[in-house]
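Have a look at the structure below before the remarks.
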Amino acid sequence: MARSHDGHKFLQIVDAMVSINQRVNLIGVVTESGLPKQSRGTDCFVTIRIIDESQPKHGISVNFFTETMEMLPRMATEGDIIQLCHVVMKTHGPDVYALFNKKFSSFALYEGKNSTSFTPYQCSAKFNAREQDNKFILGLRQWLAGEQIDAGASVTGLMTGSTELLQLKEFKEGVRFNLVCKVLHAWETEREELMLFVWDGTDTPPIAIKSNLEDEKENPLPLHLEPIPLSRDVLCTFPTVGTVLRVTVDSSNVKFGLDCIKTGRWVKFLGLRCEVRSSLWCAFLMPFTKFCYLSEDNALVVQRKRSYDDRFYSKWGHMPLTSFPWHSGMTGTSCPKNVPFVTLMNVLTYPEVTYKYRCVVRVVAALPWQVSKFRSPSGIYRIRLTLEDPTARIHAFLYKDDAEEFFTHFPSPDDVLTRKWNSLLGIPKTGDYSAIGNASRNPPWIECCLKSYYLDKKDAWGTRNYQIFMTTLLERP
């Protein structure tokens, strides 16, 4: 059924889908967008999906080709309204879609159901606003007031396989999934690849460590996935609880604009792929990945913010979620029990140096890792540990008196200490000691005390160093 005023006709989606190869006018609600990218030719390209009263679930895709990225439509929030003029209805296999032709088509984007404005926040050069069209925008807003938009319902198994809405705490390697998260930071690498840093307030689960302990000196386990570490100014903008996930582009031949995703916004990504690299979780934007911006009052956003607030303000909220009900008990500390636990992100971003912290971490690497090499020729302990929790990885040093305290229950490097140390690193019990360095490891959660300091105290902007102190490896079966 057509909606018209003074001869200007808007087709409902269900009617437009049978108007193949015809130019039509549409007005609908945007539920999701693809990632703007360069087409195989000279144009820029994006796909959006729209719904209306006639197609409230699956709607229809609209493919846009424009001369520049800036000319593509940029949806502000899920549920915004788009007016399309002179788009051409096409088919691809069994699917029907609308094609925006840069020579004669036009569009305008309006705020959704909570707005009273009839001024578009973005429109194409050829768009001509008509006051009589406001009644159709108002009608869609009234319809939206009683609807619950389900972005992602239209993502087909042919494109993305089986997808489910996951939180970071539910990650599974190799799966395709949907994710509601906040985009904290966007960064372009030297190879012009986009990396996003996203967060939902939960912790990714611990991963088996597959690095070779024998190679730790020449090929150390990475502290992060980005080629160079983020500046402390950027880290200080990140939440201190919950994993910050790195999301990159799957293929180097798919180039996205750095500004295609807005930082500081809650987003629902549809069709990401989850992987593990360097024993760290990461996700990838696929060629078919879609997304939509969510409002702060979206039910999924409200639920995640409420869960995070409950965790952040709880007594044990800064401990890793998977360490509950308590850590392994392999270590003890001299920290008073009323000293709260903090995360490694707290440690990295704390404004004061020198300072002391109480953390629950895993020891994922050590240099040296063999007990027989812990002491220098002069008899001094010097060991570099790689510690991780769900928020970060850091290097921390066991040195001199602090190391003596750590090994106080083990007066000599005998078999008892070796077995205990291997347990700390998560090395599986095996009689084949030649294979230990390559073994897949699952280190336990332990409690430790850290202190931060500058290597050169005169350098107020120097690199922070971390040292384990007042922590003891306990002699328990």
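Counting with our numbering, you get residues -9 to 467 for the letters of the sequence shown. The beta carbon of each residue, even a glycine, is placed where N, CA and C say it ideally should be.
Query                                                                                                                      : Result
N- and C-terminal bounds of the alpha helix (DSSP H) containing Y298                                                       : A289 to F302
D223 - containing beta strand (DSSP E), residue span                                                                       : It is not in any beta strand (DSSP E) - D223 instead sits in the alpha helix (DSSP H) that spans R222 to L225.
Extent of the continuous beta strand (DSSP E) to which E378 belongs                                                        : R372 to D379
Near the ligand GDP: V52 beta-carbon under 7 Å from a heavy atom                                                           : Although the ligand GDP was asked about, the structure shown includes no ligands whatsoever.
8 Å Cβ cutoff, A98 in contact with chain B                                                                                 : The question asks about chain B, but that chain is absent: this structure has only one protein chain.
Nearest-angstrom beta carbon gap, D193 and T339 [assumed within contact, 8 Å]                                              : With a Cβ gap of about 17 Å, T339 and D193 do not count as contacting.
Burial state of I370 (16 or more Cβ within 10 Å)                                                                           : exposed
Residue range of the unbroken alpha helix (DSSP H) whose run includes T339                                                 : L334 to T339
CB-CB length for L235 against W177, believed under 8 Å                                                                     : Actually they are not in contact, since the Cβ atoms of L235 and W177 sit about 13 Å apart, beyond 8 Å.
Inter-residue Cα distance where the pair is F396 and S201                                                                  : 25 Å
Pair within 8 Å by beta-carbon distance, L16 and A88                                                                       : yes
Contact under 8 Å by Cβ, A119 with A98                                                                                     : yes
Inter-residue Cα distance where the pair is F167 and T109                                                                  : 36 Å
Sufficient close CB pairs (3 or more, under 8 Å) joining the region 279 to 288 to the region 6 to 25                       : yes
Alpha-carbon spacing of W306 relative to F126, whole angstroms                                                             : 52 Å
Three-state secondary structure assigned by DSSP to E286                                                                   : coil
Chain-order list of residues whose beta-carbon lies under 6 Å from that of K346 (same chain, five-residue window excluded) : K441
Beta-carbon proximity check, T376 vs H385, cutoff 8 Å                                                                      : yes
Chain-order list of residues whose beta-carbon lies under 6 Å from that of R374 (same chain, five-residue window excluded) : L357, H385 and F387
Inter-residue Cα distance where the pair is I139 and S268                                                                  : 38 Å
Nearest residue (CA-CA) to V173, options T462, Y111, K258 and E101                                                         : K258
Spatially closest choice to R352 from A382, N328 and P330, by CA coordinates                                               : A382
Residue burial classification, Q293 (beta-carbon count within 10 angstroms, cutoff 16)                                     : exposed
DSSP state of G261 mapped onto helix, strand, coil                                                                         : strand
Coarse secondary structure for E437, derived from DSSP in three states                                                     : strand
Between the CA atoms of D379 and M149 - distance to the nearest angstrom                                                   : For M149, the predicted structure reports a pLDDT of 43, less than 50, and the residue's modelled location is therefore unreliable. The matter cannot be settled from this model.
Inter-residue spacing [alpha-carbon to alpha-carbon] between E121 and F0                                                   : 15 Å
Beta-bridge pairing of D501 - partner residues as DSSP gives them                                                          : Any property of residue 501 remains undetermined from this structure, which presents the chain solely from -9 to 467.
Reference P196; option with closest CA among F274, H214, D223 and E160                                                     : E160
6 Å CB neighbourhood of M309 in its chain, flanking five on each side removed                                              : F331 and V350
Beta carbon of I38 nearer than 8 Å to that of V20                                                                          : yes
Those runs of the alpha helix (DSSP H) which lie wholly inside the region 64 to 146 and span at least 4 residues           : 124 to 134
CA-to-CA distance, V188 to V145, given in whole angstroms                                                                  : Low local confidence applies: a pLDDT of 45 at V145 is under 50, so the model's placement there is unreliable, with the coordinate-based value given in what follows. Their backbone Cα atoms lie some 22 Å apart in a straight line.
Spatial neighbours of E216 in its chain, beta-carbon cut-off 8 Å, leaving aside the 5 residues before and after            : W177, T179, M185 and R236
DSSP beta-bridge partners of M185                                                                                          : W177 and T238
Spatial neighbours of Y298 in its chain, beta-carbon cut-off 6 Å, leaving aside the 5 residues before and after            : G191
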